[in-house]
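Visitor: Supplied in structure tokens, the structure appears directly below.
Numbering (the working numbering), first residue to last: 7 to 163.
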């Protein structure tokens, strides 16, 4: 006779359900100890990894997060945004002036690096794009003139 199929296919195993019950009934001291041990193990494994392993782990987690959030609907996305906003607000409310200064400096450096790497610094391309986007409409809608205050008369010829 073949082995009996599990009736809870795709669900938690009996061992997982038992572990969940144990965790639900544990005292706050035991929970704090268990969580601290888990954090210690995570910190030790992360300290032992090299740069390549670190980057691979971060890329893997980013892909998991992207896959997880890609299937979200607007309601879930809105709830997640609200939860994240409240968490950020609480974190910022509890930070000291030194932490705030560090955060602002880090954000400024990241923004500067992002702006530098993502925007074209070809002045001709910037000028033509700006020229195309900054046309002035004449008295009748059909005529268009460039923004002469910005470019001057010589650059439009």
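Note that beta-carbon positions come from the ideal geometry of N, C-alpha and C, so glycine has one too.
Computed from a prediction, not measured in an experiment: that's the story for all the values here.
Just to confirm the assignment, what range does the alpha helix (DSSP H) spanning residue 19 have?
Guide: Counting from one through the chain shown, the residue named residue 19 turns up at place 13. It is not in any alpha helix (DSSP H) - residue 19 carries neither H nor E in the DSSP assignment.
Visitor: Can you list the alpha helix (DSSP H) stretches of 4 or more residues lying completely in the stretch 20 to 73, in chain order?
Guide: As far as the stretch 20 to 73 is concerned, its whole alpha helix (DSSP H) runs of at least 4 residues are 20 to 31, 34 to 54.
Visitor: Go to residue 80, then tell me how far its alpha helix (DSSP H) extends in each direction, as first and last residue.
Guide: Stepping through the chain shown from its first residue, residue 80 is reached at position 74. First-last of the alpha helix (DSSP H) with residue 80: 80 to 100.
Visitor: Compare the beta carbon distance of residue 55 and residue 47 with 8 Å and say whether it is the shorter of the two.
Guide: Your numbering for residue 55 matches position 49 in the chain shown. Your numbering for residue 47 matches position 41 in the chain shown. For residue 55 and residue 47, no; Cβs fall outside 8 Å.
Visitor: For residue 37, is the classification buried or exposed, using 16 other Cβ atoms within 10 angstroms of its Cβ as the cut-off for buried?
Guide: If you number the chain shown from 1, residue 37 lands on position 31. Under this definition residue 37 is an exposed residue.
Visitor: State the DSSP-derived secondary structure class of residue 8, mapped to helix, strand or coil.
Guide: Indexing the chain shown from 1 puts residue 8 at position 2. Correct three-state label for residue 8: coil.
Visitor: For residue 45 and residue 91, I'd like the C-alpha separation in whole angstroms.
Guide: For this step, residue 45 is matched to residue 39 along the chain shown. For this step, residue 91 is matched to residue 85 along the chain shown. Rounded to the nearest angstrom, the two C-alpha atoms are 25 Å apart.
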